[in-house]
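Under this note's numbering, the letters of the sequence shown match residues 21 to 116, in that order.
The block underneath contains the structure these notes are about, expressed in structure tokens.
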Amino acid sequence: MQTSLPSSSPAIPHPAMKEHCNHQADCLKMIQLILDGEATEQQLAKLKINLESCQPCIRMYHLEKEVKELLTKRMEKRCCPDELVATIKSRILSFS
Ligand SMILES: [Zn+2]
């Protein structure tokens, strides 16, 4: 059997996309505010602009959102989240 590379290349980020975020701590803070529904409209607008050009922050936003949704679901089920937290932590680590 011949091993060939997939003909279609993986999603190439937009040329203007930043591969690395040099303000990730700020971005994360803002993302969490927004997901908590505590961000002002100004902050929302700022993050929206940032997410259009910042690859790591887009990933972080989706990850945070997913984590929040999972935790909410688990809490509704009154399930012990230890295993879930471990899963999430390993996923977050795989992003960095
Ligand atoms: Zn960023």
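Think of the CB as a built atom: it goes at the ideal place given N, C-alpha and C, for glycine as much as any other residue.
From a predicted model like this one, the values you see are computed outputs, not experimental measurements.
Determine the contact status of residue i and residue j, defining contact as a CB-CB distance below 8 Å.
| i | j | result |
| --- | --- | --- |
| Q75 | E39 | yes |
| M95 | L48 | no |
| S73 | M50 | no |
Using C-beta distances below 8 Å, list every residue in its chain close to residue i, excluding the 5 sequence neighbours before and after it, in chain order.
| i | result |
| --- | --- |
| Q52 | E84 |
Going by beta carbon distance, what residues of the same chain come within less than 6 Å of residue i, once the five residues before and after it are set aside?
| i | result |
| --- | --- |
| I108 | V87 |
Segment contact flag, the segment 59-75 with the segment 102-111, C-beta cutoff 8 Å, min 3 pairs: These segments do not touch.
Around ligand 1, Cβ to any heavy atom closer than 5 Å, ordered along the chain: Residues with a Cβ closer than 5 Å to any heavy atom of ligand 1, in chain order: C41, C47, C74, C77.
Segments assigned alpha helix (DSSP H), at least 4 residues, entirely inside the segment 46-77: Runs found: 61-71.
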